[in-house]
Amino acid sequence: MPYVNFKITTENGSPTKEQKEQIIKETTELLEKILNRSCKNAVIVIDEIPTDNYGFGGISITQKRAQS
Numbered sequence: 062m063p064y065v066n067f068k069i070t071t072e073n074g075s076p077t078k079e080q081k082e083q084i085i086k087e088t089t090e091l092l093e094k095i096l097n098r099s100c101k102n103a104v105i106v107i108d109e110i111p112t113d114n115y116g117f118g119g120i121s122i123t124q125k126r127a128q129s
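All residue numbers for the sequence shown refer to my numbering, where the first residue is 62 and numbers rise by one.
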């Protein structure tokens with residue numbers, strides 16, 4: 062059974078409920094296409110990460126966005 066984990070920063074109201082539903086649906090369809098088998102039991106997890114909780118280069122994404 063495939064297990065896919067997405068980690069997405071939450072910014073400006075996204076990802077929306079509809080976007081997450083589309084990610085789940087289309088990821089499952091892609092797995093079925095590539096693996097050439099049913100993936101109805103595939104697990105798709107979307108972790109939403111506030112930009113204050115994610116960083117690189119010594120600063121948070123919130124700080125990096127403010128600099129841009």
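Backbone N, C-alpha and C define an ideal beta-carbon position, used for all residues, glycine too. Nothing here was measured: the structure is a model prediction, and the numbers come from that model.
Asked                                                                                                                                                                                 : Found
With 16 other CB atoms within 10 Å as the buried threshold, where does T77 fall?                                                                                                      : exposed
Please report the distance separating the alpha-carbon of S99 from that of T88.                                                                                                       : 12 Å
In angstroms with no decimal places, state the Cα-to-Cα distance between I122 and Q83.                                                                                                : 25 Å
Need the endpoints of the beta strand (DSSP E) that E138 sits in, please.                                                                                                             : Nothing can be reported for residue 138: it is not among the residues displayed for the chain, which extend from 62 to 129.
Residues in the same chain with beta-carbon distance under 6 Å from M62, minus the five sequence neighbours each way, listed in chain order, please.                                  : N102
Please work out which residues of its chain come closer than 8 Å, Cβ to Cβ, to N114, disregarding the five sequence neighbours upstream and downstream, and give them in chain order. : S121
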